[in-house]
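S.K.: According to my numbering, the sequence shown is numbered sequentially starting from 468. C-beta atoms are modelled at their ideal positions from N, C-alpha and C, and glycine is treated no differently. Supplied in structure tokens, the structure appears directly below.
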Amino acid sequence: MKYGFLGSGNMASAIINGMIKNGFCKGYDILVFNRTAEKAEKLSKQCGVKVCSSQKELIENSDVFVISVKPNVLDEIASSIKTDLGDRKPLIISIAVGKTLDFLKDNLGNKAIARVMPNINAKVLASESGYCANENCTPEQKKIVYDIFSAIGSAIEIPEKFFGIFGVIAGSSPAFAYIYVNALAKAAVKAGMPKAQALEIAANTVLGSAKMVLESNEHPCSLADMVCSPGGTTIEGVCTLDELGFENTVIKAFDAVLEKDKKISGK
Ligand SMILES: NC(=O)c1ccc[n+]([C@@H]2O[C@H](COP(=O)([O-])OP(=O)(O)OC[C@H]3O[C@@H](n4cnc5c(N)ncnc54)[C@H](OP(=O)(O)O)[C@@H]3O)[C@@H](O)[C@H]2O)c1
């Protein structure tokens, strides 16, 4: 099986590194074509992927064809991709934000197509990726999508109508989480701890807390209750967060991202 990547930028490099590091495939199973050839050559030197000299060569030799160029670039080159695909029917995976399955089918032809949204944490193999696939995808092809994106973290199939919501809780929320980690560390600095140490402690604690939510089968509120001893110290902090509208602020931030997304995509 050969996996071809059109565009070898930030996200494609992260996915490719994950696929190889996790033993999903070897470097020589992966083909890349990038507008700036030097970038693809650099990736090839790092992990042994094969560099193609044209989009056509890439498509002709790929069983799985991953579109990893920017959405505006896809608008410009969709018709040439359609021409290069011809009668070939590789599994097409697009990670271009905002490009729907209908758009992809209308512009690339009636093929097996999956749409995936990875997030920035792919760089450390911890992306939460959402995917959906059209009616032409077989269960085996959906499994390929699941396996590729599991190699860079976790993958979850979601109905396409939830992609906007997914974009906020998985795509944008890493920014919220980074800011929360920094705020914790900033408070620790204010109390006298060095910043680097405070950041490491705050980040590891958020990581562990997320693991607890995923693995303990306890509701996050029950977990918070476990930390709050009656009349103790933690409940003081939790009440202060309530008083200052922490939860409501997060919900409002979520709404703001979704609202902007709807405005941009004209929904
Ligand atoms: N970054 C994220 O956090 C994130 C999250 C979810 C989804 N995505 C999606 O992932 C896709 C890639 O994003 P990115 O952040 O990886 O962007 P990026 O780093 O800019 O990578 C895009 C690559 O596409 C190449 N390219 C442009 N036109 C091309 C063409 N005609 N043929 C071949 N290659 C071409 C660019 O080459 P040059 O070297 O010439 O610039 C660049 O290396 C986007 O559609 C984005 O919506 C990104």
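#1: May I ask which residues mark the beginning and end of the beta strand (DSSP E) holding S594?
#2: Cβ of Q522 versus every heavy atom of ligand 1: is any distance shorter than 7 angstroms?
#3: Could you pull out every residue in the same chain whose Cβ sits closer than 8 angstroms to the Cβ of K493, ignoring the five residues on either side in sequence?
#4: Just to check, is the beta-carbon of G733 closer than 7 angstroms to a non-hydrogen atom of ligand 1?
#5: Here's the rule I'm using: 16 or more other beta-carbon atoms within 10 Å means buried, otherwise exposed. How should R555 be labelled?
#6: For G733, does the count of other Cβ atoms within 10 angstroms reach 16, so buried, or fall short, so exposed?
#7: Flag V591 as yes when its Cβ comes closer than 7 angstroms to any non-hydrogen atom of ligand 1, and as no otherwise.
#8: Can you list the beta strand (DSSP E) stretches of 3 or more residues lying completely in the segment 540-603, in chain order?
#9: Expressed to the nearest angstrom, what Euclidean distance is found between the alpha-carbon atoms of L571 and A655?
#10: Look at the Cβ atom of F472, then the Cβ atom of A479, and state whether they are nearer than 8 angstroms.
#11: Kindly indicate which residue of K727, E682, Y647 has the alpha-carbon position closest to the one of L708.
#12: Following a CB-centred definition, is R502 positioned closer than 7 angstroms to any heavy atom of ligand 1?
#13: Helix, strand or coil for A622, going by three-state DSSP, please let me know.
#14: If you count every other CB in all the chains shown that lies within 10 Å of the CB of P626, and 16 or more means buried, which is it?
#15: Can you tell me whether V635 is helix, strand or coil according to DSSP?
#16: Determine the DSSP secondary structure at K493, reduced to helix, strand or coil.
#17: Does the beta-carbon of L510, which I'm using as the reference point, lie nearer than 7 angstroms to any heavy atom of ligand 1?
#18: Check whether the Cβ of N586 lies closer than 7 angstroms to any heavy atom of ligand 1, and answer yes or no.
#19: Taking the straight line between their C-alpha atoms, what separation do you get for I526 and A637?
#20: Across the segment 568-586 and the segment 603-622, are there enough close Cβ pairs to call them in contact, namely three or more that are closer than 8 angstroms?
#21: In or out: I548 buried (at least 16 other Cβ within 10 Å) or exposed?
#22: Compute the Euclidean distance between the alpha carbons of S580 and G597, then round it to the nearest angstrom.
#23: Thinking C-alpha only, which one of N574, V499, G699 is nearest S521?
#24: Is L739 helix, strand or coil when you go by DSSP?
#25: Would the beta-carbon of K729 be found less than 7 angstroms away from any heavy atom of ligand 2?
#26: Near A612, which residues of its chain fall below 7 angstroms by C-beta distance, leaving aside the five closest residues on each side in sequence?
#27: Just curious, the alpha helix (DSSP H) that L711 is in, first and last residue?
M.R.: Reading from the atomic positions:
#1: 594-600
#2: yes
#3: I487, G515
#4: Not so, every heavy atom of ligand 1 lies at least 7 angstroms from the Cβ.
#5: exposed
#6: exposed
#7: no
#8: 558-561, 580-584, 594-600
#9: Each residue's alpha carbon lies about 48 angstroms from the other.
#10: yes
#11: Y647
#12: It does: the Cβ of R502 is within 7 angstroms (strictly closer) of some heavy atom of ligand 1.
#13: Of the three classes helix, strand and coil, the one that applies to A622 here is strand, per DSSP.
#14: exposed
#15: helix
#16: coil
#17: Incorrect: L510 has no Cβ contact closer than 7 angstroms to ligand 1.
#18: Yes, the Cβ of N586 comes within 7 angstroms of a heavy atom of ligand 1.
#19: 30 angstroms
#20: yes
#21: buried
#22: Note that residue 580 is Ile in the sequence shown here, rather than Ser. I580 and G597: Cα-Cα distance of roughly 14 angstroms.
#23: Comparing alpha carbon positions, the residue from N574, V499, G699 closest to S521 is V499.
#24: With the chain covering 468 to 734 only, the question about residue 739 has no answer from this structure.
#25: In the structure shown, ligand 2 is absent; the only ligands present are ligand 1.
#26: Correcting the residue identity first, residue 612 is Val in this sequence and not Ala. When the five nearest sequence neighbours on each side are left out, the beta carbons in the same chain lying within less than 7 angstroms of the beta carbon of V612 are those of I560, A581, V583, Y598, A600, in order along the chain.
#27: Unbroken run through L711: none, as it is neither H nor E.
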